[in-house]
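These notes are about the structure you will find just below.
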Amino acid sequence: MLQEMLKDKIQFNVLWSFSLNILYSIITILILYFVAYWVIRALKKANESIEKIDPTLLPITITVIKYAAFIIGVLIILNIFGANTNGIIALLGATGLGVALALKETLQNIASGLMLIFLRPFKVNDYIESNANNGTVQEINLFTTTLKTNDGLFLFVPNSLLWNSSIKNFSKNGTRRLDFIVGISYENEVDQAKEILINLARLDGRVLKDPTPFVALTALGENSVSVMLRCWVLVDNYWDVNYYFYKTVKETFDSKGITIPFPQRDIRLKISNETIGSDNFKSLK
Numbered sequence: 000m001l002q003e004m005l006k007d008k009i010q011f012n013v014l015w016s017f018s019l020n021i022l023y024s025i026i027t028i029l030i031l032y033f034v035a036y037w038v039i040r041a042l043k044k045a046n047e048s049i050e051k052i053d054p055t056l057l058p059i060t061i062t063v064i065k066y067a068a069f070i071i072g073v074l075i076i077l078n079i080f081g082a083n084t085n086g087i088i089a090l091l092g093a094t095g096l097g098v099a100l101a102l103k104e105t106l107q108n109i110a111s112g113l114m115l116i117f118l119r120p121f122k123v124n125d126y127i128e129s130n131a132n133n134g135t136v137q138e139i140n141l142f143t144t145t146l147k148t149n150d151g152l153f154l155f156v157p158n159s160l161l162w163n164s165s166i167k168n169f170s171k172n173g174t175r176r177l178d179f180i181v182g183i184s185y186e187n188e189v190d191q192a193k194e195i196l197i198n199l200a201r202l203d204g205r206v207l208k209d210p211t212p213f214v215a216l217t218a219l220g221e222n223s224v225s226v227m228l229r230c231w232v233l234v235d236n237y238w239d240v241n242y243y244f245y246k247t248v249k250e251t252f253d254s255k256g257i258t259i260p261f262p263q264r265d266i267r268l269k270i271s272n273e274t275i276g277s278d279n280f281k282s283l284k
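Heads up, the sequence shown is in numbering that gives the first Met the number 0, so the first residue is 0 and it goes up one at a time.
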């Protein structure tokens, strides 16, 4: 009878201990979940209200917080149940080495993503070009970078491709140089064309005063004289100013009598009377 009571007591203690462990595990999961949830929520609110926070860092930070909460939760629960976490960590390390060898390309993308995040050759909303990939950066995460092309297409680029090649960032400096080149006829006055171009640049408020715009003769072509207007504009105004100059320069040159020539050639045909009859020669004339 006493043995049965002891046995029941032991079973009750084991069941009670297991129930407490389950309860502690649930509490741990809930605490970690709400901590991660509130941290991520606070980051999102801060990102919306404070412009100084780089939006590039938000997706990667949220991902790291989620993975960190999951790993910490697993280790705490294992400790609650009395598992030897040191051995588990060693096992995970050995497993991780095997997985790392199998997922070499994926890990390269992760490492490249971290380098892109911290060295920041570009950020969200920058327009970049790298090899055959170009577009506006929409998102940078651990594995890939998302771009939106000029024609509205979705471009999904592995981070390793961007990190292992040169990156041209059109937005980072805030300004761009605009070289507007137009050809005029050899019969036209070069100084008149230069004066028209410099006046258009000075009157356009989108053209920056510093560096100072200037006009120069750049080439003597077969059919035209090339005149270049060089000025600086904000990145957002680059294409608008460029298209405006095409329209305005054409209209102004037409009103001032300055010709924008098209390619043409003078062809002289020498015909021998000995090889072609006189009747045929007259018909050719």
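From the three backbone atoms N, C-alpha and C, an ideal C-beta is built for every residue, glycine too.
Between the segment 165 to 184 and the segment 234 to 247 there are three or more C-beta pairs closer than 8 Å, enough to call the two in contact. For Asp178, there is no enclosing alpha helix (DSSP H); the residue is part of the beta strand (DSSP E) that begins and ends at 174 to 183. Inter-residue distance for Phe244 and Arg229 is about 12 Å (C-alpha atoms, whole angstroms).
In the structure shown, the three-state DSSP call for Lys44 is helix. Comparing C-alpha distances from Glu128 to each of Asn163, Met114, Asn168 shows the shortest one belongs to Asn168. Taking a contact as a CB-CB distance under 8 Å, the pair Trp162 and Ser111 counts as one, their CB atoms being some 4 Å apart.
As for any alpha helix (DSSP H) of minimum length 4 sitting wholly inside the segment 192 to 256, the runs are 237 to 255, ordered along the chain.
Assignment of Phe17 by DSSP, reduced to helix, strand and coil, places it in the helix class.
Between Ile39 and Ile61, the CB-CB gap stays under 7 Å.
Apart from sequence neighbours up to five positions away, no residue of its chain approaches Leu14 with a beta-carbon distance below 7 Å. Here Pro58 is near Glu138, since their CB atoms are less than 7 Å apart. Separation of Asn241 and Lys147 (C-alpha to C-alpha, rounded to the nearest whole angstrom) is 22 Å.
In the three-state DSSP reduction, Lys65 falls in the helix class (H, G or I). According to the DSSP secondary-structure assignment, Phe117 is paired through a beta bridge with no residue. Measuring C-alpha to C-alpha distances from Ile183 to each of Leu207, Leu106, Thr144, Ala215 identifies Ala215 as the nearest.
According to DSSP, residue pairing for Thr145 in a beta bridge involves Glu138, Phe155.
Counting every other CB atom within 10 Å of its CB across the protein chains shown gives Thr143 a total of 16 or more, marking it as buried.
The alpha-carbon separation between Val189 and Asn133 amounts to approximately 38 Å. Between Pro260 and Ser225, the beta carbon gap of about 11 Å keeps them out of contact (Cβ cut-off 8 Å). With respect to Thr27, Ile64 sits apart: the two C-beta atoms are not nearer than 7 Å. Between Ile257 and Ala192, the gap from beta carbon to beta carbon is short of 7 Å. In the displayed model, Ser164 falls within coil according to three-state DSSP, outside both helix and strand. Pairing Thr211 with Val248, the inter-Cα distance amounts to about 19 Å.
Per DSSP, Ile127 is one residue of the beta strand (DSSP E) stretching across 126 to 129. Listed as beta-bridge partners of Asn187 by DSSP are no residues whatsoever.
Contact between Phe179 and Met227 holds: their C-beta atoms lie close to 7 Å from each other, under 8 Å. For the 7 Å CB-CB criterion, Asp125 and Ser159 do not form a contact. Cβ atoms of Tyr23 and Ile79 come within 8 Å of each other, at about 5 Å.
Between the beta-carbon of Phe121 and that of Ile166 there is about 6 Å, and that keeps the pair under the 8 Å contact cut.
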